[in-house]
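Participant:
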Amino acid sequence: MSLHSLYATAPKALEGILANEIHALGGQNVKEKLAGVAFDGDLALAYRVCLWSRVANRVFLPLSSFEVKSQQDLYDGVKRINWFEHIQPDASLAVSFNAKNSQAINNTHFGAQKVKDAIVDQMRAKFNKRPSVDTDRPSLRVNVYLHNDLAQLSLDLSGESLHKRGFRDVSIAAPIKENLAAAILLRAGWPKIAEQGGSLLDPMCGSGTMLLEGALIAADIAPGLQRDYFGFLGWKKHDAGLWQSLLDEARQRREAGINKMPTIVGFDQDRRTVATAVQHVENAGLSGKIHIEKRDIGDAAAAESWPKGLIACNPPYGERLGDEAETAALYRRFGEVLKQRFAGWQAAMIISDPELGFRLGIRSQKPITLFNGALECKLLRFNIEEKAFFEPKAKSQQERAESIWRRAQVEQVDPQAEMFGNRLRKNLKKLAKWAKQNRVSCYRMYDADLPEYAVAVDVYQGEQLWVNVQEYESPKTIDPAKANQRLAGAMAEIPKVLEIPANQVFLKIRRKQKATDQYEKLGEQGHFHVVEEGGCQLWVNFEDYLDTGLFLDHRPMRLRIQQEARGKRFLNLFAYTGSATVHAAVGGAAASVTVDMSNTYLDWAKRNFELNGIRGDHKLVRADCPKWLAEQAELKSKPQFDLIFLDPPTFSNSKKMDDAFDIQSDHVILLKNASALLAPGGVLYFSTNFRRFKLDREALAGLSFEDISAATIPEDFARDQKIHYCWRITR
1 MSLHSLYATA
11 PKALEGILAN
21 EIHALGGQNV
31 KEKLAGVAFD
41 GDLALAYRVC
51 LWSRVANRVF
61 LPLSSFEVKS
71 QQDLYDGVKR
81 INWFEHIQPD
91 ASLAVSFNAK
101 NSQAINNTHF
111 GAQKVKDAIV
121 DQMRAKFNKR
131 PSVDTDRPSL
141 RVNVYLHNDL
151 AQLSLDLSGE
161 SLHKRGFRDV
171 SIAAPIKENL
181 AAAILLRAGW
191 PKIAEQGGSL
201 LDPMCGSGTM
211 LLEGALIAAD
221 IAPGLQRDYF
231 GFLGWKKHDA
241 GLWQSLLDEA
251 RQRREAGINK
261 MPTIVGFDQD
271 RRTVATAVQH
281 VENAGLSGKI
291 HIEKRDIGDA
301 AAAESWPKGL
311 IACNPPYGER
321 LGDEAETAAL
331 YRRFGEVLKQ
341 RFAGWQAAMI
351 ISDPELGFRL
361 GIRSQKPITL
371 FNGALECKLL
381 RFNIEEKAFF
391 EPKAKSQQER
401 AESIWRRAQV
411 EQVDPQAEMF
421 GNRLRKNLKK
431 LAKWAKQNRV
441 SCYRMYDADL
451 PEYAVAVDVY
461 QGEQLWVNVQ
471 EYESPKTIDP
481 AKANQRLAGA
491 MAEIPKVLEI
501 PANQVFLKIR
511 RKQKATDQYE
521 KLGEQGHFHV
531 VEEGGCQLWV
541 NFEDYLDTGL
551 FLDHRPMRLR
561 IQQEARGKRF
571 LNLFAYTGSA
581 TVHAAVGGAA
591 ASVTVDMSNT
601 YLDWAKRNFE
611 LNGIRGDHKL
621 VRADCPKWLA
631 EQAELKSKPQ
641 FDLIFLDPPT
651 FSNSKKMDDA
661 FDIQSDHVIL
671 LKNASALLAP
681 GGVLYFSTNF
691 RRFKLDREAL
701 AGLSFEDISA
711 ATIPEDFARD
721 QKIHYCWRIT
731 R
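Numbering-wise, the UniProt record's numbering puts 720 at position 720 of the sequence shown, and it's gapless, one number per residue.
1) Would R719 and D642 be called neighbours here (beta carbons separated by less than 9 Å)?
2) For residue 747, count the other beta carbons within 10 Å of its own beta carbon; 16 or more makes it buried, fewer makes it exposed. Which is it?
3) With distances taken from CA atoms, which of E255, E698, D270 is nearest N109?
4) Are the CB atoms of E493 and F420 nearer to each other than 9 Å?
5) From F690 to A118, what distance separates their C-alpha atoms?
6) D202 by DSSP, collapsed to three states: which one?
7) Measure the beta-carbon distance from I362 to L330 and round it to whole angstroms, keeping in mind my assumption that it falls under 8 Å.
8) Taking the alpha helix (DSSP H) that T594 belongs to, which residues open and close that run?
9) Going by Cα to Cα distance, which pick from F528, N673, K387, L552 is closest to M445?
10) Quick check on the DSSP output: the beta strand (DSSP E) that includes K619 runs from which residue to which?
11) Across which residues does DSSP place I351 in a beta bridge pair?
12) By how many angstroms is the C-alpha of L93 removed from the C-alpha of S305?
13) If you compare alpha carbons, which of S579, G567, R381 is closest to A590?
14) Do A674 and I708 come within 9 Å of each other at the CB atom, strictly closer than that value?
15) In terms of alpha-carbon separation, which member of L25, A215, K289 lies closest to G41?
16) Mind listing, in chain order, the continuous alpha helix (DSSP H) runs of no fewer than 4 residues lying wholly within the region 671 to 730?
17) Within the chosen definition, does the region 238 to 245 reach the region 176 to 186 through at least 3 CB pairs nearer than 8 Å?
18) Using only the alpha-carbon positions, how far apart do K192 and W539 sit?
19) Could you please give the first and the last residue of the uninterrupted alpha helix (DSSP H) stretch that includes Q113?
20) Report yes if the C-beta distance between A328 and M261 is below 9 Å; otherwise report no.
21) Where does L370 fall in DSSP's three states?
22) For C377, which residues from the same chain have a beta carbon less than 7 Å from its beta carbon, with the 5 sequence-adjacent residues on both sides left out?
23) From the DSSP output, in three-state form, read off E532 for me.
24) Within 10 angstroms of the Cβ of E249, are there 16 or more other Cβ atoms? Answer buried if so, exposed if not.
25) Using CA atoms only, rank isn't needed, just tell me which of R332, N314, P11 is closest to C205.
26) Check K294 in the structure and name its three-state DSSP category.
27) Go to A312, then tell me how far its beta strand (DSSP E) extends in each direction, as first and last residue.
28) If distances are taken between C-alpha atoms only, which option among L620, I87, A99 comes closest to L573?
29) Taking 8 Å as the limit between beta carbons, can you name the residues of its chain near I561, skipping five residues before and five after?
30) Could you pull out every unbroken beta strand (DSSP E) segment of at least 3 residues lying fully inside the region 193 to 265, listed in chain order?
31) Could you tell me which of P307, E564, S132, T135 sits nearest to L200, measuring between CA atoms?
32) Within 10 angstroms of the Cβ of R58, are there 16 or more other Cβ atoms? Answer buried if so, exposed if not.
33) For the candidate residues Y7, R124, K387, whose alpha-carbon lies nearest to that of Y145?
34) Sorted by chain position, which residues of the same chain lie with C-beta nearer than 7 Å to E532's C-beta, five sequence neighbours on each side aside?
35) With DSSP as the reference, label K177 as helix, strand or coil.
36) What do you get for P11, buried or exposed, if any count of 16 or more other CB atoms within 10 angstroms of its CB means buried?
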């Protein structure tokens, strides 16, 4: 069988595992690339990777590469392929197109259309027939990747992402995908532990993803064995006999492997989640091989008959709505359970915040970076043994801030602090004039202008002047003592420059890896103050939360909503403290619905309503926004809104939500459901602060998008044009 150049993709940071898999399956010239692996092999190897890879997303068979400097070049390059060798004229077709740094084509939808046109035109000219388009499960899926001026044209042999194993209820999203769960287990040494008869336990198993991947590995079951669709099944060159022989081999290995399955157990505190996990186990044909029961983490314990092995889990990240303290307490309790009941076991868990891992009180090996969707996480691996135990006494953010603030009272804290003070004066001179002219009372006056002083300084004018300072976490190359000295120097300069008492300046520590840090609970002082914005009165808090309750970069967006709201029905999603709704109501909105999941912030929104005398048809709804939107969009008589504001977090897997939320992965369904609630002529404003966000216009082809990001970034945030992205969307 002839060799082909092949390419397989994998989630970021899993390229090494994928390369090892392909090499073990017989791949030649295996080379790791960004988010993928290039290799040589025959058709049997391509099929084997689709069937057996535990971490791959897709497998591509490159057909051609050619230069593209114009739209016509793309069309001609695709048309040079004899497509009748690959697809019947009356079959179905789908095209995916991506471009990077291309001067010729940067619109993915347009590029895909050109590729499709070239194939269809060739087939119609020869046979007076043309393939139909099927974006779900086509006979042939074509992929084009255009980088600079070079296009790579490939067939997608996988058809749809290989993480879909075929036994999951597709209506239930998993907090982690199957290939990430498999990677965690492979990195944790589960294959060797399973071979030696060790047990696998997931004490927070959710819908069972980790357990099922563990079972597939332990029982030598091909992860693609239960899939009923691959991209090559409708390909004209598909070798059905070869594929059947590989399936037969995989089924024989499965039958032999199931008989040597080790103990695999999952616990979860939620009855519905347990029922879902049991159903997935049944779907996978593993009933009786995996034990799942409803059990709280505090009650987790191993039966005497279970051999010691691996504890693997994906615990809550505490990313959402003030549940940080609750999540930290969960980790402390989990650590105590591990120490008391699981000595001699190994453990592996993926977390987004290393501080939470520290709360376990068990020293880990060097963390491994992995990505859960767009969120950078760490895989912790440790042996549960007494010599690794310690009592976590980490300084909280607020304790460190107070320590820095006390140090700032000492003279000569940093000899270079005067440089920072001079920059503050320069910015204040410019921005104070702008603020006065535009009647802005709360604004950002400094944002890491000097690399040595990586802080954001926001001023809030109410009955007096307050300053909220946020420190950006220093790089690991910076000496912590030096960073503390500089921060103390900055804190000493701020009251001098602004000529205010030191007790009107507040310091917060903002950690980089957190996607929704503004929700972190820091204290219980309960000191609220009133500020004014665009004729609205709003409560802010400088002590109890990392953010104040008012996102200053969205000031132009709130003012735009106020100007457009008169007589309209307004919907505010992921509403936080409801400031956008206040603007809409003050602007004359006829009615509004404000949706958020946190009682704390809905109570805050209610206080903002009362402060502005907002009465009438203005409702506050406590709900998980994605779920609420999906439910409303399915109603026969859908609620209709003339104006919608949608500003979701980047990522969340809070236990208060039914499913994990990832703005990059989930924005399509989110926008589809939100736009379904638009009244005729209505407008949806969508914003995100995820800097690597890519809007999938092709999947949202029924909507019209206007990028208004530049118009919504205010003067005081002009130094950071990527502080957020914003679109005006209509149907």
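For glycine and all other residues, C-beta sits at the position ideal for the given N, C-alpha and C.
Facilitator: So, to answer that:
1) Residue mapping note: residue 719 aligns to position 719 of the sequence shown, counting from 1. Residue mapping note: residue 642 aligns to position 642 of the sequence shown, counting from 1. In this structure, D642 does not lie closer than 9 Å to R719 by Cβ.
2) In the structure as shown, the chain begins at 1 and stops at 731. Residue 747 is therefore absent and cannot be evaluated.
3) One-based indexing of the sequence shown puts residue 109 at position 109. For clarity, residue 109 is His in the given sequence; the question names Asn instead. Cα-wise, what sits closest to H109 is E698.
4) Position 493 of the sequence shown holds residue 493. Position 420 of the sequence shown holds residue 420. Yes.
5) Counting from one through the sequence shown, the residue named residue 690 turns up at place 690. Counting from one through the sequence shown, the residue named residue 118 turns up at place 118. Between F690 and A118, the C-alpha separation is close to 35 Å.
6) Counted from its first residue, the sequence shown places residue 202 at position 202. Three-state result, D202: strand.
7) Residue 362 sits at position 362 when you count from the first residue of the sequence shown. Residue 330 sits at position 330 when you count from the first residue of the sequence shown. Wrong, their Cβ atoms sit about 15 Å apart, outside the cutoff.
8) Here residue 594 refers to the residue found at position 594 of the sequence shown. Premise fails: T594 lies in the beta strand (DSSP E), 591 to 596, not in any alpha helix (DSSP H).
9) Numbered from 1 along the sequence shown, position 445 holds the residue referred to as residue 445. Nearest of F528, N673, K387, L552 to M445, Cα basis: L552.
10) As a first step, residue 619 must be located in the sequence shown, where it is residue number 619. Its beta strand (DSSP E) spans residues 618 to 622.
11) Position 351 of the sequence shown holds residue 351. In DSSP, I351 forms a bridge with K378.
12) Position 305 of the sequence shown, counted from the first residue, corresponds to residue 305. Position 93 of the sequence shown, counted from the first residue, corresponds to residue 93. S305 and L93: Cα-Cα distance of roughly 54 Å.
13) As a position in the sequence shown, residue 590 is number 590, starting the count at 1. Per the Cα distances, G567.
14) Residue numbering aside, residue 708 sits at position 708 when the sequence shown is read from its first letter. Residue numbering aside, residue 674 sits at position 674 when the sequence shown is read from its first letter. Cβ atoms of I708 and A674: not closer than 9 Å.
15) Against the sequence shown, residue 41 aligns to sequence position 41. Among L25, A215, K289, the Cα nearest to that of G41 belongs to L25.
16) none
17) no
18) Numbered from 1 along the sequence shown, position 192 holds the residue referred to as residue 192. Numbered from 1 along the sequence shown, position 539 holds the residue referred to as residue 539. Taking the straight line joining both Cα atoms gives about 57 Å.
19) By 1-based counting over the sequence shown, the position of residue 113 is 113. In the DSSP assignment, Q113 falls within the unbroken alpha helix (DSSP H) covering 108 to 127.
20) On the sequence shown, residue 328 is found 328 positions in, with the first residue counted as 1. On the sequence shown, residue 261 is found 261 positions in, with the first residue counted as 1. No; because the gap between Cβ atoms is not below 9 Å, this pair is not in contact.
21) Translated into positions along the sequence shown, residue 370 becomes position 370. Three-state result, L370: strand.
22) As a working mapping, residue 377 is identified with position 377 in the sequence shown. Excluding positions up to five away in sequence, the list reads I350, I351, S352, L370, F371.
23) For this step, residue 532 is matched to residue 532 along the sequence shown. Here E532 sits in strand by DSSP.
24) Indexing the sequence shown from 1 puts residue 249 at position 249. When all chains shown are included, E249 counts as exposed.
25) As a first step, residue 205 is located in the sequence shown; it is residue number 205 there, counting from the start. Nearest option by C-alpha distance: N314.
26) The residue you call residue 294 lines up with position 294 of the sequence shown. It is a strand residue.
27) Here residue 312 refers to the residue found at position 312 of the sequence shown. That run of the beta strand (DSSP E) goes 310 to 313.
28) Residue numbering aside, residue 573 sits at position 573 when the sequence shown is read from its first letter. The candidate whose alpha carbon is nearest that of L573 is L620.
29) Position 561 of the sequence shown holds residue 561. Residues F570, A580, H583, A584, G587, L643, F645, Y685 of the same chain have their beta carbon placed closer than 8 Å to that of I561, with the five preceding and five following residues left out of the count.
30) 200 to 202
31) Residue numbering aside, residue 200 sits at position 200 when the sequence shown is read from its first letter. Nearest of P307, E564, S132, T135 to L200, Cα basis: P307.
32) Working through the sequence shown from its first residue, we reach residue 58 at position 58. Counting other Cβ atoms within 10 Å of its Cβ, R58 reaches 16 or more and is therefore classed as buried.
33) Taking the sequence shown and counting its residues from 1, the one referred to as residue 145 is at position 145. Nearest option by C-alpha distance: Y7.
34) Along the sequence shown, one-based indexing puts residue 532 at 532. Only S441 meet the Cβ criterion.
35) One-based indexing of the sequence shown puts residue 177 at position 177. Note: K177 maps to coil in three-state DSSP.
36) What you label residue 11 is simply residue 11 of the sequence shown in a count that begins at 1. Taking all protein chains in view, the Cβ of P11 is crowded by 16 or more other Cβ atoms within 10 Å, so the residue is classified as buried.
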